[in-house]
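Chemist: Can you keep this structure in mind? I'll have questions shortly.
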Amino acid sequence: MDIKSVSELGSLAQRIRADIVTSIASVGSGHIGGCLSIADVLAVLYGKHMRYDPAEPKKEGRDRLILSKGHAGPALYSALAEAGFFPKEMLLTLNQGGTSLPSHCDMNKTPGVDMTAGSLGQGFSCALGAAVGSKLKGDGATIYCIIGDGESQEGQIWEAAMYAGSHGVDNLIAFTDYNKMQLDGTTADICDLEPLGDKWRAFNFEVWDIPGNDVAAIDKAVTEAKAVKGKPKMIILNTVKGKGVSFVEAAKVGSHSMSISGEQRDAALEEINGGQ
Amino acid sequence: MEINEKTLMRDVFIDFLRKAMTADPTVVVIDADLAKCAGTLALEKEFPDRALNVGIAEANMAGIAAGLSSYGFKPFITSFAPFASRRIADQAMISICYAKQNVKIVGTDPGIAAELNGGTHMPFEDVAIYRAIPDILIYEPTDAVEFASALPKILAYPHPAYIRMHRKNPPVVHGADYEFDPMRADVLREGGDVTIVATGLMVATSLEAADMLHAEGIEAEVIACPVVKPIDSKTITASIRKTGAAVSAENHNVNGALGSALAEVVVENCPVPMERVGVKERFGEVGKVPYLRNVYRLNAEDVALAAKKAISRRK
Numbered sequence: 001m002d003i004k005s006v007s008e009l010g011s012l013a014q015r016i017r018a019d020i021v022t023s024i025a026s027v028g029s030g031h032i033g034g035c036l037s038i039a040d041v042l043a044v045l046y047g048k049h050m051r052y053d054p055a056e057p058k059k060e061g062r063d064r065l066i067l068s069k070g071h072a073g074p075a076l077y078s079a080l081a082e083a084g085f086f087p088k089e090m091l092l093t094l095n096q097g098g099t100s101l102p103s104h105c106d107m108n109k110t111p112g113v114d115m116t117a118g119s120l121g122q123g124f125s126c127a128l129g130a131a132v133g134s135k136l137k138g139d140g141a142t143i144y145c146i147i148g149d150g151e152s153q154e155g156q157i158w159e160a161a162m163y164a165g166s167h168g169v170d171n172l173i174a175f176t177d178y179n180k181m182q183l184d185g186t187t188a189d190i191c192d193l194e195p196l197g198d199k200w201r202a203f204n205f206e207v208w209d210i211p212g213n214d215v216a217a218i219d220k221a222v223t224e225a226k227a228v229k230g231k232p233k234m235i236i237l238n239t240v241k242g243k244g245v246s247f248v249e250a251a252k253v254g255s256h257s258m259s260i261s262g263e264q265r266d267a268a269l270e271e272i273n274g275g276q
Numbered sequence: 001m002e003i004n005e006k007t008l009m010r011d012v013f014i015d016f017l018r019k020a021m022t023a024d025p026t027v028v029v030i031d032a033d034l035a036k037c038a039g040t041l042a043l044e045k046e047f048p049d050r051a052l053n054v055g056i057a058e059a060n061m062a063g064i065a066a067g068l069s070s071y072g073f074k075p076f077i078t079s080f081a082p083f084a085s086r087r088i089a090d091q092a093m094i095s096i097c098y099a100k101q102n103v104k105i106v107g108t109d110p111g112i113a114a115e116l117n118g119g120t121h122m123p124f125e126d127v128a129i130y131r132a133i134p135d136i137l138i139y140e141p142t143d144a145v146e147f148a149s150a151l152p153k154i155l156a157y158p159h160p161a162y163i164r165m166h167r168k169n170p171p172v173v174h175g176a177d178y179e180f181d182p183m184r185a186d187v188l189r190e191g192g193d194v195t196i197v198a199t200g201l202m203v204a205t206s207l208e209a210a211d212m213l214h215a216e217g218i219e220a221e222v223i224a225c226p227v228v229k230p231i232d233s234k235t236i237t238a239s240i241r242k243t244g245a246a247v248s249a250e251n252h253n254v255n256g257a258l259g260s261a262l263a264e265v266v267v268e269n270c271p272v273p274m275e276r277v278g279v280k281e282r283f284g285e286v287g288k289v290p291y292l293r294n295v296y297r298l299n300a301e302d303v304a305l306a307a308k309k310a311i312s313r314r315k
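Chains A and B, in that order, are what the protein sequence lines are. Residue 162 in our numbering sits at position 162 of the first sequence; the count goes up by one each step and never skips. Residue 40 in our numbering sits at position 40 of the second sequence; the count goes up by one each step and never skips.
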């Protein structure tokens, strides 16, 4: 996709939200809160910034996205379907036996998924490896990676951060989905990440701290990040868990994984589509 | 390179990597601050782009390797065996094996070879950890001759592998014309009374035990089983059908590695009395190899005793 306007990126984000709700409702429950919070960044990346070819998902030299918070697989699948990697009807097979769309991302099952992830902390190291690989090949690709805020409690995130920062791996653009909630409670209560921006700066990352559900702000930050040389980048997305669907937002911490009925799906779709 | 009794396994490894990295621009080696020990430090100067050192961060090393593999590279990652196994068990499971990434994991100083590093560094569990993960090949070299023949074949194997590398120079048991086949166990000595299946430094020990048994009129068949997974059950089954008694001998906990793998072959194909020589549910401790062999009962006498016990249980 080559979307230029902010309003069209916003529309794509809303379509991704609708796809998330529809696919998770089709199986009855899922990680809906953390899926909805990253719909906007996925829209900006797949709608505008990433170079890829849905007809050739493994094409060499493509930009890659590694969803280290692999439990938000349904959000990525929705973006991939919107980008044309597979028919949207396939979203209704989410988590059904034998599906190509499992809860957590699997690069060997889903066209367009660039790395398997789901055991938290690991995807960011894999993204770093891909970024190093791209440098070795000199193909000019950008490697994007979305990390969860709760996931940032994993030590491996900081192992990778230390290496990326100390070696100036500047084709790596990472995001933190900072909705400030994790499975058991708020990040502040469980194990606070603050000062998060300072942590990444201390690891020699160039840091942006932006409204995370604002496609214009994300677009601007990604554009700036791509221009910075010599350092890896972290864009902290201050998001709302469940963003765009009132009853999911209201569930707060409970939205990490929750059931969704047919009536709730219809109400959510009306809210999402009504906002267009 | 010419290989003799003095050739260090580590030097075989470096010679192979140097040639492989020269011939194939996708071969990468990654260390985690033990490159001096593995001998790979020299490669960091020769191949500054493709010999990485990530610092003391083994999980990140495994993840970077998986990412590089997803980009078409063939990474070798090295550390001491405990850190190349239990420390990265989940990364090896998910980022490497489950994701089907072609990473070769090299764990050095297996079992009692860790010597003065003692209990914290003495892995008797690494093979057991990897044997529980689907699709990974587990290789423990027997001697430098075999290792030199094996490494190019392990590189060509398009799946993950765990290489349990003794850095020093275990006795050479193979002739210079030996050809490694990852799917084959090697019958090193024929005999009709008992089958001894051994890995790593226990292969030479088992041959010594066979000499002792021969002096007592017992003929042992000795099989080197460098690839514990997938195990060559065909060669082993043919031998135990002939001898009717089996012994495993390994520098590892008897549970989970060769002892278990051989027991599975025996039970599933040809139930016969079997004894296991190896570490019996104990942790490591400091000491030199001869001392540790006494502590854990890993001497030729222990193998010979086990063989006689297995034979005595045969009806």
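Heads up, the beta-carbon is just placed ideally off N, CA and C, and yes, glycines get one too.
Against chain A, which members of the region 23–34 of chain B pass a CB distance test of less than 7 Å?
Modeler: For the region 23–34 of chain B, which is checked against every Cβ of chain A, not one residue is closer than 7 Å.
Chemist: For chain B, find out if any of its Cβ atoms is closer than 8 Å to the Cβ of A:Ser-152; answer yes or no.
Modeler: Chain B contact via Cβ: absent.
Chemist: Thinking just about the alpha-carbon of each residue, which of B:Lys-6, B:Val-145, B:Val-266, B:Arg-164 is nearest to the one in B:Ala-113?
Modeler: Selected option, being the one with the closest Cα: B:Arg-164.
Chemist: Tell me B:Asn-253's beta-bridge partners as DSSP assigns them.
Modeler: Paired residue(s): B:Val-279.
Chemist: To test your reading of the DSSP string, which unbroken alpha helix (DSSP H) runs of 4 or more residues are found completely within the region 151–178 of chain A?
Modeler: You should have 155–166.
Chemist: With a threshold of 8 Å between beta carbons, is A:Ala-188 in contact with chain B?
Modeler: Not one chain B Cβ lies under 8 Å of A:Ala-188.
Chemist: Is the shortest distance between the beta-carbon of A:Glu-159 and the beta-carbons of chain B less than 8 Å?
Modeler: At least one chain B Cβ lies under 8 Å of A:Glu-159.
Chemist: Give me the Cα-Cα distance between A:Ile-128 and B:Ser-239, rounded to the nearest whole angstrom.
Modeler: Correcting the residue type first, residue 128 of chain A is Leu in the shown sequence and not Ile. Each residue's Cα considered, the two are about 49 Å apart.
Chemist: On the CB-based measure, 16 or more other CB atoms within 10 Å of its CB, does A:Glu-82 come out buried or exposed?
Modeler: By the neighbour-count rule (16 or more Cβ atoms within 10 Å), A:Glu-82 is buried.
Chemist: Closer than 7 Å by beta-carbon distance: list the chain B residues that pair up with A:Ala-130, in chain order.
Modeler: Gly-67, Ser-70, Tyr-71, listed in chain order.
Chemist: Please specify which runs of the beta strand (DSSP E), each continuous and at least 3 residues long, are wholly inside the region 84–152 of chain B, giving them in chain order.
Modeler: You should have 104–108, 137–139.
Chemist: From the DSSP output, which residues share a beta bridge with A:Met-258?
Modeler: According to DSSP, A:Met-258 bridges with A:Gly-30.
Chemist: Under 8 Å, CB to CB, which of the residues in the region 134–156 of chain B have a partner in chain A?
Modeler: Against chain A - using a Cβ distance shorter than 8 Å - the region 134–156 of chain B contributes no residues.
Chemist: State yes or no: is the beta carbon of A:Ala-127 nearer than 8 Å to at least one beta carbon in chain B?
Modeler: With 8 Å as the cut-off, A:Ala-127 counts as an interface residue toward chain B.
Chemist: Go through its chain and collect everything with a Cβ distance to A:Ser-100's Cβ below 6 Å, but skip five positions before and after it.
Modeler: These residues qualify, in order along the chain: Lys-109, Thr-110.
Chemist: Rounded to whole angstroms, how far is the Cβ of A:Ile-66 from the Cβ of A:Asp-114, which I believe are closer than 8 Å?
Modeler: Right, the Cβ-Cβ distance comes to about 6 Å (below 8 Å), so this counts as a contact.
Chemist: With a floor of 3 residues, list each beta strand (DSSP E) that falls wholly inside the region 182–265 of chain B, ordered by position along the chain.
Modeler: Runs found: 186–189, 194–198, 220–224, 227–229, 246–253.
Chemist: In the DSSP assignment, find the beta strand (DSSP E) that holds B:Ile-77 and state where it starts and stops.
Modeler: Note, B:Ile-77: beta strand (DSSP E), 74–80.
Chemist: Could you name the residues of chain A that B:Val-54 contacts, counting a contact when the two beta carbons are closer than 7 Å?
Modeler: The contacting residues are Tyr-163.
Chemist: How about A:Leu-281: is its C-beta nearer than 8 Å to some C-beta of chain B?
Modeler: Outside the shown range of chain A, which is 1 to 276, sits residue 281 of chain A, and nothing can be said about it.
Chemist: I need the boundaries of the alpha helix (DSSP H) containing B:Leu-17, first residue and last residue.
Modeler: Its alpha helix (DSSP H) spans residues 9–23.
Chemist: Measuring CB atoms only, is the region 225–235 of chain B touching the region 205–217 of chain B, in the sense that at least three cross pairs come out at less than 8 Å?
Modeler: At 8 Å Cβ cutoff, the stretches do not touch.
Chemist: Candidates A:Leu-9, A:Val-245, A:Met-258: which alpha carbon is nearest A:Leu-183's?
Modeler: Measuring from the Cα of A:Leu-183, the nearest candidate turns out to be A:Met-258.
Chemist: Could you pull out every residue in the same chain whose Cβ sits closer than 6 Å to the Cβ of B:Asp-33, ignoring the five residues on either side in sequence?
Modeler: These residues qualify, in order along the chain: Gly-55, Ile-56.
Chemist: Is there a Cβ of chain B sitting closer than 8 Å to that of A:Leu-42, yes or no?
Modeler: For A:Leu-42, the answer is no, since every Cβ of chain B falls outside 8 Å of its Cβ.
Chemist: Rounded to the nearest angstrom, what separates B:Asp-126 and A:Asn-273 at their Cα positions?
Modeler: Rounded to whole angstroms, B:Asp-126 to A:Asn-273 spans 54 Å at the Cα level.
Chemist: Excluding five sequence neighbours on each side, which residues of the same chain lie with their C-beta closer than 7 Å to the C-beta of A:Ser-255?
Modeler: Cβ within range, chain order: Ile-32, Gly-33, Lys-241, Gly-242, Val-248.
Chemist: Any C-beta of chain B sitting closer than 8 Å to the C-beta of A:Gly-133?
Modeler: Yes - at least one Cβ of chain B is within 8 Å of the one on A:Gly-133.
Chemist: Please identify, using Cβ separations under 9 Å, the residues of the region 100–123 of chain A that lie next to chain B, in order along the chain.
Modeler: Answer in chain order: Asp-106, Met-107, Asn-108, Asp-114, Met-115, Thr-116, Ala-117, Gly-118, Ser-119, Gly-121, Gln-122, Gly-123.
Chemist: Can you confirm whether B:Ile-105, when its beta carbon is compared against all beta carbons of chain A, has any partner nearer than 8 Å?
Modeler: Output row for B:Ile-105: interface = no.
Chemist: Distance cutoff 8 Å, beta carbons only. Does A:Leu-269 sit that close to anything in chain B?
Modeler: So no, A:Leu-269 is outside the interface.
Chemist: Can B:Ala-62 and B:Ser-95 be called in contact, C-beta distance under 8 Å?
Modeler: Taking 8 Å as the Cβ cut-off, B:Ala-62 and B:Ser-95 qualify as a contacting pair.
Chemist: Where does A:Ala-55 sit, in a helix, a strand or coil, going by DSSP?
Modeler: Three-state result, A:Ala-55: coil.
Chemist: Write down the C-beta distance between B:Asn-169 and B:Thr-7 rounded to the nearest angstrom, noting that I regard them as a contact closer than 8 Å.
Modeler: Going by Cβ atoms, the distance from B:Asn-169 to B:Thr-7 rounds to 6 Å, so yes, they are a contact pair.
Chemist: Please report the residue range of the alpha helix (DSSP H) in which B:Met-61 lies.
Modeler: That run of the alpha helix (DSSP H) goes 58–70.
Chemist: Where do the N-terminal and C-terminal ends of the alpha helix (DSSP H) with B:Val-295 fall, by residue?
Modeler: That run of the alpha helix (DSSP H) goes 289–296.
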